[in-house]
Amino acid sequence: MTRKLTNIQEDVKINKHEGYYSTKKRGKRSVAGIPHKGWKCSYVEDLGEPMIKCQMCESNMIRYVYHMTHEDFPEVLHVGGVCAGYMEDDPETAWRRDRELKRQIARPKRWTSQYLEFMIKNRHLLREQWLSMVWRTSEKGNLYISDSGYRIIIQQRFGRWTFIVADEQNDSFVYNSKNKFPTLDEAKLAAYDHITSILIEIRDSISKLRKN
């Protein structure tokens, strides 16, 4: 048991940028009235890279988002792997689950219908945080972000906004929006919805091939 806990502690130090943190209470862990234990994980989502802040520790950017529910708390919290472990009162199991998740995602057979269903499920929850995510700025001054294996690039032209989608694996062009949006937020949300439609189309194509 001592050796396993040591492994967890090593991950806490090494992977801080992916949602790991020390056992010190911070964020919602220090707020009275919010349950610290007894949570359940409904599912886990891979964002492709650290994109949102853990809603429990409110400190670290996370890539693997654990959707946590509690019968005494009305909201779903989106948290990192170690926070999920403490919320479930089982850090060791959470550590093993996080490791297995990363191994599964790293395998070559990524685009299976099961994995696509895994990514598509409840994307509307992530959509609510989409506008507050950290977008990077390219050398040309365009905003960009990664999502589910794709890179979204936002461009401003003649006072209006549009977006481009590229495949991150080979950097090939996928889609250039013909629509021009009056605000940056509208362009970001349209891009997010387009990625969702791509994932659904790929999932449906795989399902049809299996039936044939």
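So the number in our numbering is just where the residue sits in the sequence shown, counting from 1, plus 27. Note that CB positions come from ideal geometry on N, CA and C, so glycine has one too.
inquiry  = I'd like the span of the beta strand (DSSP E) that includes Leu104, first residue to last.
reply    = Start at 1 with the first residue of the sequence shown, and residue 104 comes out as number 77. Its beta strand (DSSP E) spans residues 100-106.
task = List the DSSP bridge partners of Ala214.
result = Counted from its first residue, the sequence shown places residue 214 at position 187. Bridge partners of Ala214: none, in fact.
ask   = In chain order, what residues of the same chain have a beta carbon less than 7 Å from the beta carbon of Lys148, not counting five sequence neighbours either side?
value = Taking the sequence shown and counting its residues from 1, one reaches residue 148 at position 121. Tyr70.
ask   = If we ignore side chains and look at the alpha-carbon of each, how far apart do Trp162 and Gly107 end up?
value = Within the sequence shown, the letter at position 135 stands for residue 162. Within the sequence shown, the letter at position 80 stands for residue 107. One C-alpha to the other measures close to 20 Å.
query = Could you give the distance in angstroms between the alpha-carbon of Gly60 and the alpha-carbon of Leu226?
reply = Taking the first residue of the sequence shown as position 1, residue 60 is located at position 33. Taking the first residue of the sequence shown as position 1, residue 226 is located at position 199. Distance from the CA atom of Gly60 to the CA atom of Leu226, rounded to whole angstroms, is 39 Å.
Run of the beta strand (DSSP E) containing His97, from where it starts to where it stops = As a working mapping, residue 97 is identified with position 70 in the sequence shown. Residues 91-97.
message = Let's see if you can read the secondary structure: which residues bound the alpha helix (DSSP H) around Arg154?
response = The count along the sequence shown starts at 1 and reaches residue 154 at position 127. 150-154 is the extent of the alpha helix (DSSP H) around Arg154.
ask   = If you draw a straight line from the alpha carbon of Ser165 to that of Tyr171, how long is it in whole angstroms?
value = Position 138 of the sequence shown, counting from 1, holds the residue named residue 165. Position 144 of the sequence shown, counting from 1, holds the residue named residue 171. One C-alpha to the other measures close to 7 Å.
query = So what's Trp188 in DSSP terms, helix, strand or just coil?
reply = The sequence position of residue 188 within the sequence shown is 161, counting from 1. Note: Trp188 maps to strand in three-state DSSP.
ask   = Are there 16 or more other CB atoms within 10 angstroms of the CB of Lys205, so buried, or fewer, so exposed?
value = Here residue 205 is taken as the residue at index 178 of the sequence shown, counted from 1. Flag for Lys205 reads exposed.
ask   = Can you tell me whether DSSP reads Ala59 as helix, strand or coil?
value = Taking the first residue of the sequence shown as position 1, residue 59 is located at position 32. Three-state DSSP puts Ala59 in coil, outside helix and strand.
Ala111 - partner residues in DSSP beta bridges = As a position in the sequence shown, residue 111 is number 84, starting the count at 1. DSSP output for Ala111 lists no bridge partner at all.
message = Within the continuous beta strand (DSSP E) that includes Ser199, where are the two ends?
response = In the sequence shown, counting from the first residue as 1, residue 199 sits at position 172. Here Ser199 belongs to no beta strand (DSSP E), and DSSP marks it neither H nor E.
task = Classify Glu37 as helix, strand or coil using the three-state DSSP reduction.
result = By 1-based counting over the sequence shown, the position of residue 37 is 10. Residue placement at Glu37 is flagged as unreliable, the pLDDT there being 38, under the threshold of 50; the coordinate-derived value follows with that caveat. The answer is helix: DSSP assigns Glu37 an H, G or I state.
Same chain only: Cβ atoms within 7 Å of Arg56, ignoring 5 sequence neighbours per side = For the purposes of this step, residue 56 is identified with residue 29 of the sequence shown, where counting begins at 1. Excluding residues within five positions, the ones whose Cβ falls inside 7 Å are His63, Met83, Cys84.
message = Are the CB atoms of Asp212 and Leu153 within a distance shorter than 7 Å?
response = Along the sequence shown, one-based indexing puts residue 153 at 126. Along the sequence shown, one-based indexing puts residue 212 at 185. No, they are not a contact pair.
ask   = For Glu76, which option in Ser86, Gly65, Arg90 has the closest C-alpha, if you only look at C-alpha atoms?
value = Within the sequence shown, the letter at position 49 stands for residue 76. Cα-wise, what sits closest to Glu76 is Arg90.
Residue of Lys67, Arg53, Asp73, Asp116 minimising C-alpha distance to Asp174 = Looking up residue 174 in the sequence shown gives position 147. Cα-wise, what sits closest to Asp174 is Asp73.
task = Tell me, to the nearest whole angstrom, how far the beta carbon of Cys81 is from that of Cys110; I am working on the premise that it is less than 8 Å.
result = For this step, residue 81 is matched to residue 54 along the sequence shown. For this step, residue 110 is matched to residue 83 along the sequence shown. With a Cβ gap of about 5 Å, Cys81 and Cys110 count as contacting.
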